[in-house]
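K.L.:
Let me give you the structure first, and then I'll get to my questions.
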Amino acid sequence: MTRTQVIVGRLLVLIIGLLFWQFAAGDLVPGVRLVDPFFISSPTRIAVDLRKGFADGILLRDVGITLLESFGGLVIGMVTGIAAGLAFGMWRPLELIAEPFMSALNALPRPAIAPLMVLWLGIGLASKVVLAWSLVFFLVFYNTYLGVKTIDQDIINAMRVMRASPAQLIRIVIFPSVFSWIFAALRLSVSYALIGAIIGEFVGATAGIGYQLIAAEGLLQTDRVYSALILVGIIAVLLTTLAKMLENRILKWRPPVSV
Amino acid sequence: MNGADTPAQPSSLPALIEARNFSVTFGPSRLVALKGVNLSVHAGEIVVLVGPSGCGKTTFLNSVCGLLPPGAELSGTLTVAQNVRLGYMPQRDALLPWRTVLGNVEVGPELRGLSRSQRRAKAEPLIELVGLSQFRNHYPHELSGGMRQRVSLARTLAYEPDVILMDEPFAALDAFNRTALQEEILRINDKARLTVLFITHDLSEALVLGRRVAVMSSQPGHVVEIHSVDLPEPRSATKLRGTDAFLRLFQKLWNELMAESDPTKRREA
């Protein structure tokens, strides 16, 4: 398939989907509807609500706050995850002793600990950053750790025979090798950070997309619920595309992977 | 005269690697991987260790490199001359996938602590030498197996080793590329005398490249015989194979290997 065909195909799916939605909600053909728009809203209703929301500045502010929380969690998660992953991969006693605890911590369902975080850190930014961090950290940690573990032993041996010092080994082989794993984690990390922040906002917040969602659900404002969901979707797609572009640029030595 | 160095070796140059009655035993099962190996590699010669898989060739090479697994027990002596730089070329190319051809070849000089411009100056002519100038900015995944092994060769040479250890470096290549790379080694060797310890299970490769060929057998791994290969120089991997002298030697070593691997005919040690 050519690139144009793919894009045209995607647009067609989108348009047909939207038209059907509009039709089902009774906003396309007057008098014919399948479901009450109170439950499913409709594309035009959402568009109107989005315009209103952005016009009075509420949605823009919320998008900004959610992005800030996610970004904070992302950055701190990357830094701490890389550090912990390198430590685990390179220092065997730590790996042996602490690995089960890492697995256990990672298995905690974040929605279950979100109320605790809000209790400890308040309803402000901090609790959301920590929740976003708690997802990003483990993703980056495991990728870095695996990256160190799976370095080609032949390369290490060749370097050792050529008398590479430990510092040279880290600089020439280990860092660049782990780098690719970290970037592979970046794309997922971006959406995980967003999820973490939004879970935090569900539980206790005064602003953010997640807060808008939960508030609108409480007030049965279906249009606003859908607006918020669509915003989250758009942000996630934009951020992951950005991460993917960055990844392809920096990891241009890899064989191209489609997806 | 099991495993003894033949007096046919008149080299006056010093031995860079020398094994005397060298044995290696592995693990709790005390598996004897090498038993009483006597072998030396002198400056400016290509020594080939040939034998079937599992006869301990790689164990010997790894002993020289210092890559034996922990728990290996050694006896006898294995000396590597002081301040000898070892180059290492494994069967899999072991290139850094995130570096271009140029970047990979520069690793050799980089490990020796040379500056960026010196690295470039060392790497460029070697890339030229292995015929990859057009590909200097390509990444390993964009190259064929034969080209990657050429890069690996250039990287090894760029390190300017005193001895190059090659562990079946062409075994994974197709017949065409294998011959081409053997030709390459011979050509480079004609220009600048290389010192190589080469391991292979391919007898004809051993005879094409080796000035001395040590035939090894297994259980336990030992050197059966060391042959001097007096074939006309300069050698050519393609032409040599058809000559009578080559075929006679091939037959002789082949019989030797067969006799060793057939337990009913095994000579008394």
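Residue numbers (the numbering used here), protein chains in the order written: chain A, 1 to 259; chain B, 260 to 528.
Glycine included, each C-beta is placed from N, C-alpha and C at the ideal position.
So Ser-180 (chain A) contacts chain B; which residues on that side make the cut at Cβ distance below 8 Å?
P.N.:
As a working note, residue 180 (chain A) is residue 180 in the first sequence. By Cβ distance, chain B contributes Trp-357.
K.L.:
If we ignore side chains and look at the alpha-carbon of each, how far apart do Leu-490 (chain B) and Gln-441 (chain B) end up?
P.N.:
Counting from 1 along the second sequence, the entry for residue 490 (chain B) is found at position 231. Counting from 1 along the second sequence, the entry for residue 441 (chain B) is found at position 182. Their Cα atoms are separated by approximately 15 Å.
K.L.:
Give me the Cα-Cα distance between Ile-97 (chain A) and Ser-103 (chain A), rounded to the nearest whole angstrom.
P.N.:
Numbered from its first residue, the first sequence carries residue 97 (chain A) at position 97. Numbered from its first residue, the first sequence carries residue 103 (chain A) at position 103. Approximately 12 Å, taken between the alpha carbons.
K.L.:
Tell me the start and end of each unbroken alpha helix (DSSP H) in the segment 286-340 of chain B that is at least 4 residues and wholly inside, in chain order.
P.N.:
Complete alpha helix (DSSP H) runs here, min 4: 316-324.
K.L.:
Under the three-state reduction of DSSP, which class applies to Ser-282 (chain B): helix, strand or coil?
P.N.:
Locating residue 282 (chain B) in the second sequence gives position 23, counting from the first residue. In the structure shown, Ser-282 (chain B) sits in a strand (DSSP, three-state: E or B).
K.L.:
Would Ile-174 (chain A) pass as a contact of Val-148 (chain A) if the rule is Cβ separation under 8 Å?
P.N.:
Locating residue 174 (chain A) in the first sequence gives position 174, counting from the first residue. Locating residue 148 (chain A) in the first sequence gives position 148, counting from the first residue. The answer is yes: Cβ separation under 8 Å.
K.L.:
So does the segment 48-58 of chain A actually touch the segment 99-116 of chain A, counting three or more Cβ pairs closer than 8 Å?
P.N.:
In short, these stretches do not touch, since the Cβ pair count stays below three.
K.L.:
For the segment 418-434 of chain B against the segment 388-400 of chain B, do three or more pairs of beta-carbon atoms, one drawn from each stretch, fall closer than 8 Å, so that the two count as touching?
P.N.:
No, because fewer than three Cβ pairs between the segment 418-434 of chain B and the segment 388-400 of chain B fall closer than 8 Å, the two stretches do not touch.
K.L.:
Consider the Cβ of Ala-353 (chain B): report whether some Cβ of chain A lies at a distance smaller than 8 Å.
P.N.:
Position 94 of the second sequence, counted from the start, is the residue given in the question as residue 353 (chain B). Closer than 8 Å to some Cβ of chain A, the Cβ of Ala-353 (chain B) qualifies, so yes.
K.L.:
Is the shortest distance between the beta-carbon of Ile-151 (chain A) and the beta-carbons of chain B less than 8 Å?
P.N.:
In the first sequence, residue 151 (chain A) corresponds to position 151, counting from 1. Answer no: the Cβ-Cβ gap between Ile-151 (chain A) and chain B never drops below 8 Å.
K.L.:
Quick one: residues in its chain with C-beta nearer than 7 Å to the C-beta of Phe-38 (chain A), no 5 flanking neighbours on either side, listed in chain order?
P.N.:
As a working mapping, residue 38 (chain A) is identified with position 38 in the first sequence. Cβ within range, chain order: Thr-222.
K.L.:
Could you say which of A:Asp-49, A:Arg-33, A:Leu-12, A:Leu-125 lies nearest to Ala-228 (chain A) if we only look at CA atoms?
P.N.:
Taking the first residue of the first sequence as position 1, residue 228 (chain A) is located at position 228. That would be A:Asp-49, whose Cα lies nearest to the Cα of Ala-228 (chain A).
K.L.:
Who are the Cβ neighbours of Thr-336 (chain B) in its own chain at under 8 Å, not counting the five residues just before and after it?
P.N.:
Here residue 336 (chain B) is taken as the residue at index 77 of the second sequence, counted from 1. Cβ within range, chain order: Glu-277, Ala-278, Arg-279, Asn-280, Phe-281.
K.L.:
Quick one: which chain A residues come within Cβ less than 9 Å of Cys-324 (chain B)?
P.N.:
Position 65 of the second sequence, counted from the first residue, corresponds to residue 324 (chain B). Result: Asn-157, Arg-160, Val-161.
K.L.:
Quick one: using the 10 Å Cβ neighbour count with 16 as the cut-off for buried, is Leu-361 (chain B) buried or exposed?
P.N.:
Taking the second sequence and counting its residues from 1, one reaches residue 361 (chain B) at position 102. Classification for Leu-361 (chain B): buried.
K.L.:
Quick one, which of A:Leu-86, A:Ile-123, A:Arg-33, A:Met-162 has its alpha-carbon nearest Met-348 (chain B)'s?
P.N.:
Residue mapping note: residue 348 (chain B) aligns to position 89 of the second sequence, counting from 1. Of A:Leu-86, A:Ile-123, A:Arg-33, A:Met-162, the residue nearest in Cα terms is A:Met-162.
K.L.:
Kindly indicate which residue of B:Glu-464, B:Leu-412, B:Leu-326 has the alpha-carbon position closest to the one of Arg-160 (chain A).
P.N.:
Counting from 1 along the first sequence, the entry for residue 160 (chain A) is found at position 160. Among B:Glu-464, B:Leu-412, B:Leu-326, the Cα nearest to that of Arg-160 (chain A) belongs to B:Leu-326.
K.L.:
Tell me whether Leu-105 (chain A) is buried or exposed, calling it buried when 16 or more other Cβ atoms sit within 10 Å of its Cβ.
P.N.:
As a working mapping, residue 105 (chain A) is identified with position 105 in the first sequence. Under this definition Leu-105 (chain A) is an exposed residue.
K.L.:
In the structure shown, what three-state DSSP assignment does Gly-390 (chain B) receive?
P.N.:
Looking up residue 390 (chain B) in the second sequence gives position 131. In this structure, Gly-390 (chain B) counts as coil in the three-state DSSP scheme.
K.L.:
Assign Ala-25 (chain A) to one of three DSSP states: helix, strand, or coil.
P.N.:
As a first step, residue 25 (chain A) is located in the first sequence; it is residue number 25 there, counting from the start. In the structure shown, Ala-25 (chain A) sits in coil (DSSP, three-state: anything other than H, G, I, E or B).
K.L.:
Quick check: does the Cβ of Phe-202 (chain A) come within less than 7 Å of any heavy atom belonging to the ligand ZN?
P.N.:
Questions concerning the ligand ZN fall outside what the structure shown contains, since it holds no ligand whatsoever.
K.L.:
In three-state DSSP terms, what is Phe-137 (chain A)?
P.N.:
To locate residue 137 (chain A), count along the first sequence from 1; it is residue 137. Helix.
K.L.:
Beta-carbon of Val-422 (chain B) versus every beta-carbon of chain A: anything under 8 Å?
P.N.:
For the purposes of this step, residue 422 (chain B) is taken as the residue at position 163 of the second sequence. Chain A contact via Cβ: absent.
K.L.:
Since Ala-47 (chain A) meets chain B, which of its residues come closer than 7 Å, beta carbon to beta carbon?
P.N.:
To locate residue 47 (chain A), count along the first sequence from 1; it is residue 47. Neighbours of Ala-47 (chain A) on chain B: none; closest Cβ ~46 Å, over 7 Å.
K.L.:
DSSP three-state label for Arg-254 (chain A), please.
P.N.:
Locating residue 254 (chain A) in the first sequence gives position 254, where the first residue counts as 1. It is coil, neither helix nor strand.
K.L.:
Let's test the definition: count the other Cβ atoms within 10 Å of the Cβ of Leu-432 (chain B) and tell me whether it reaches 16, buried, or not, exposed.
P.N.:
One-based indexing of the second sequence puts residue 432 (chain B) at position 173. Its Cβ being crowded by 16 or more others within 10 Å, Leu-432 (chain B) is buried.
K.L.:
My understanding is that Gly-346 (chain B) touches Tyr-398 (chain B), with C-beta atoms under 8 Å, so please give their C-beta distance in whole angstroms.
P.N.:
Mapped onto the second sequence, residue 346 (chain B) falls at position 87. Mapped onto the second sequence, residue 398 (chain B) falls at position 139. About 23 Å separates the two Cβ atoms, so there is no contact after all.
K.L.:
Is it right to say Ala-47 (chain A) is buried, meaning 16 or more other beta carbons lie within 10 angstroms of its own, or is it exposed?
P.N.:
What you label residue 47 (chain A) is simply residue 47 of the first sequence in a count that begins at 1. Exposed, because fewer than 16 other Cβ atoms sit within 10 Å of the Cβ of Ala-47 (chain A).
K.L.:
I'd like to check one pair, Gly-81 (chain A) with Thr-150 (chain A): are the Cβ atoms closer than 8 Å?
P.N.:
As a working note, residue 150 (chain A) is residue 150 in the first sequence. As a working note, residue 81 (chain A) is residue 81 in the first sequence. Not in contact: Thr-150 (chain A) and Gly-81 (chain A) (Cβ atoms no closer than 8 Å).
K.L.:
Can you give me the Cβ contacts of Ser-41 (chain A) inside the same chain, cut-off strictly under 6 Å, excluding the 5 residues immediately before and after it?
P.N.:
The residue you call residue 41 (chain A) lines up with position 41 of the first sequence. Thr-222, Asp-223, Tyr-226.
K.L.:
Can you check DSSP and say which residues form a bridge with Arg-471 (chain B)?
P.N.:
Within the second sequence, numbered from 1, the residue matching residue 471 (chain B) stands at position 212. Paired residues: B:Val-306, B:Ser-487.
K.L.:
Is the beta carbon of Gly-208 (chain A) less than 8 Å from the beta carbon of Val-136 (chain A)?
P.N.:
Residue numbering aside, residue 208 (chain A) sits at position 208 when the first sequence is read from its first letter. Residue numbering aside, residue 136 (chain A) sits at position 136 when the first sequence is read from its first letter. No, the pair does not count as a contact, with Cβ atoms beyond the cut-off.
K.L.:
Return the Cβ separation of Asp-405 (chain B) and Ala-439 (chain B) in integer angstroms, given the expectation that the two are a contact with Cβ distance under 8 Å.
P.N.:
Translated into the one-based positions of the second sequence, residue 405 (chain B) becomes position 146. Translated into the one-based positions of the second sequence, residue 439 (chain B) becomes position 180. Before going further, note that residue 405 (chain B) is Gly rather than Asp in the sequence given. Indeed they touch by this definition, with Cβ atoms about 7 Å apart.
K.L.:
What are the boundary residues of the alpha helix (DSSP H) that Leu-119 (chain A) is part of?
P.N.:
Position 119 of the first sequence holds residue 119 (chain A). Here the alpha helix (DSSP H) through Leu-119 (chain A) covers 110-121.
K.L.:
Taking 8 Å as the threshold (C-beta atoms), are Asp-421 (chain B) and Thr-454 (chain B) in contact?
P.N.:
The count along the second sequence starts at 1 and reaches residue 454 (chain B) at position 195. The count along the second sequence starts at 1 and reaches residue 421 (chain B) at position 162. For Thr-454 (chain B) and Asp-421 (chain B), yes; Cβs fall inside 8 Å.
K.L.:
Which residue marks the beginning of the beta strand (DSSP E) containing Asp-36 (chain A), and which one marks its end?
P.N.:
Taking the first residue of the first sequence as 1, we reach residue 36 (chain A) at position 36. Note, Asp-36 (chain A): premise wrong, no beta strand (DSSP E); not H, not E.
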